[in-house]
Structure formats: structure tokens, C-alpha cells
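Residue numbers (the working numbering): 90 to 170. Please read the structure below before turning to the comments.
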């Protein structure tokens with residue numbers, strides 16, 4: 090990630106081409122956007138996605154192995170799907 094603005098005005102085409110050739114991701118953001126803020130937001134999204142996946146997996150498992158106990162999975166599946 091390269092923050093442009095304060096110390097780096099712009100990314101040269103040479104750097105962009107090099108990153109493309111080598112398969113390196115190049116993220117360019119304005120200086121006023123803080124990298125920790127982006128990382129925090131992405132971490133929250135990933136954690137919420139993992140939690141939802143786990144809840145859905147558990148509800149499906151309960152539906153398969155305990156089909157007569159609908160209270161264990163019907164509400165969760167309706168809420169999550």
C-alpha cells in the first residue's frame with residue numbers, strides 16, 4: 090500500500106509496470122486515508138463473515154443430525170439466509 094500526497098506525489102508508470110509484471114498487488118491511497126482504519130474495517134468484515142459461516146454450518150449440521158429438534162436450527166437459518 091502506498092499513501093500518496095505528503096511524501097510521494099504519484100506512482101510512476103515504471104513501478105506500476107513492474108508490479109504488474111511480477112504479479113505484485115499495488116494499492117494506492119490518498120495520504121488522508123489511514124491504513125490502520127482500512128485494516129480495522131477489513132478485519133471486522135472478515136470476522137463477521139467467519140462468524141456467519143460458523144453459525145450456518147452449525148445450523149445445517151443440527152438440521153441433518155437432529156432433524157426433530159427444529160428449535161436448534163430453523164430460527165438460525167431463517168435469520169442468516
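The C-beta atom is built at its ideal place from N, Cα and C for all residues, glycine as well.
Under the three-state DSSP convention, the category residue i falls into
i: residue 163; result: helix
i: residue 104; result: helix
i: residue 125; result: helix
i: residue 93; result: strand
Cutoff 7 Å; reference residue i; Cβ partners in own chain excluding five residues on either side
i: residue 90; result: 116, 118, 124
Cα-Cα separation, residue i to residue j
i: residue 128; j: residue 137; result: 14 Å
i: residue 111; j: residue 140; result: 35 Å
i: residue 99; j: residue 93; result: 6 Å
Own chain partners of residue i with C-beta closer than 6 Å, once the 5 adjacent residues on each side are dropped
i: residue 152; result: 162
Other residues of its chain near residue i: CB distance less than 8 Å, five sequence neighbours each side excluded
i: residue 105; result: 115
### Task
Would you be able to state if there are at least three C-beta pairs under 8 Å between the region 133-145 and the region 110-123?
Between the region 110-123 and the region 133-145 there are fewer than three C-beta pairs closer than 8 Å, too few to call the two in contact.
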